[in-house]
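Q:
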Amino acid sequence: MKEKMDKPRKRWITDWWPNRLNLKILRQNQPGANPYGEGYNYIREVAELDVDAVIRDLKRLMRNSQDWWPADFGHYGPLFIRLAWHSAGSYRIFDGRGGARDGSIRFPPRINWPDNINLDKAIRLLWPVKKKYGRRLSWADLIILAGTVALEDMGVKIIGFGLGREDIYEPDESPDWGEEEEMLTGERRYEEGKLKGPYAATEMGLIYVNPAGPGGVPDPKLSAQEIRAVFAKMGMNDEETVA
40 MKEKMDKPRK
50 RWITDWWPNR
60 LNLKILRQNQ
70 PGANPYGEGY
80 NYIREVAELD
90 VDAVIRDLKR
100 LMRNSQDWWP
110 ADFGHYGPLF
120 IRLAWHSAGS
130 YRIFDGRGGA
140 RDGSIRFPPR
150 INWPDNINLD
160 KAIRLLWPVK
170 KKYGRRLSWA
180 DLIILAGTVA
190 LEDMGVKIIG
200 FGLGREDIYE
210 PDESPDWGEE
220 EEMLTGERRY
230 EEGKLKGPYA
240 ATEMGLIYVN
250 PAGPGGVPDP
260 KLSAQEIRAV
270 FAKMGMNDEE
280 TVA
């Protein structure tokens with residue numbers, strides 16, 4: 040379902056002067072916004088984390104289906120894998136923005152994208168683990184660790200995992216996600232048939248491509264070309280994309 044964003048609303052300075060330099064992004068996520076205090080050092084805290092205990096808790100959580108959001112086939116693994124992938128999948132090499140490094144999938148606009156529907160449920164399911172380990176485990180690390188543990192719990196051999204992703208505590212307004220005024224449209228991000236600038240998704244509200252095909256048209260050849268181009272802008276080669 041497409042969501043229009045052209046309802047009557049208050050006009051802001053940026054509406055009248057869209058090319059005005061936004062200096063507010065330089066003051067995002069100040070130390071005072073951190074709920075653990077300005078002296079909080081996540082790297083020191085996570086060094087004391089009992090990782091094995093977290094993994095055990097995650098494995099129990101994945102098998103504990105909740106009535107308010109039942110697990111498919113009794114296991115939340117696929118949901119957590121999707122959460123981890125969609126957390127990482129907004130990354131683009133053009134400016135290094137997006138991705139899983141700061142847990143920003145918890146905030147708008149990312150959590151509200153059509154491509155991320157119901158991932159708020161996955162984050163809510165992880166709350167008991169986050170609450171238990173608090174300052175020693177960031178949301179950013181927990182989200183990716185949950186996806187990793189899910190793969191391992193379902194039989195995939197894991198190479199390893201690295202901790203150290205520090206959370207932000209308010210939406211990141213620095214990325215340019217696109218100029219479209221309607222979700223699931225992408226006509227403004229193309230120039231001479233190619234994605235322009237930083238954009239690494241074909242439509243507003245997606246993290247990569249439309250699964251139905253380019254522009255919703257099921258064309259296998261064009262889909263392959265689009266997938267190659269989009270995943271390259273995410274820093275992935277053909278082998279990594281296929282994998």
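When you line the sequence shown up against the working numbering, it's residues 40 to 282, in that order. All residues carry an ideal CB built from backbone N, CA and C; glycine is no exception.
Output the boundary residues of the alpha helix (DSSP H) element that contains residue 262.
A: 259 to 272
Q: Judging by CA-CA distance, which residue of 135, 122, 130, 215 is the nearest neighbour of residue 181?
A: 122
Q: Answer with buried or exposed for residue 154, where buried requires no fewer than 16 other C-beta atoms within 10 angstroms of its C-beta.
A: buried
Q: Buried or exposed: which applies to residue 187, given that a residue is buried once 16 or more other Cβ atoms fall within 10 Å of its Cβ?
A: Buried, by the Cβ-count rule.
Q: In the structure shown, what three-state DSSP assignment does residue 108 receive?
A: strand
Q: Considering only C-alpha positions, which residue in the set 210, 250, 165, 221 is nearest to residue 147?
A: 210
Q: Under DSSP, the alpha helix (DSSP H) around residue 101 begins and ends at which residues?
A: 90 to 101
Q: Would you mind sorting residue 249 into buried or exposed? The rule is 16 or more other CB atoms within 10 Å of its CB.
A: buried
Q: What span of residues does the alpha helix (DSSP H) with residue 239 cover, start to end?
A: Membership of residue 239 in any alpha helix (DSSP H) is not indicated, and neither H nor E is assigned to it by DSSP.
Q: Could you tell me whether the segment 200 to 217 touches the segment 62 to 75, where touching means 3 or more Cβ pairs closer than 8 Å?
A: yes
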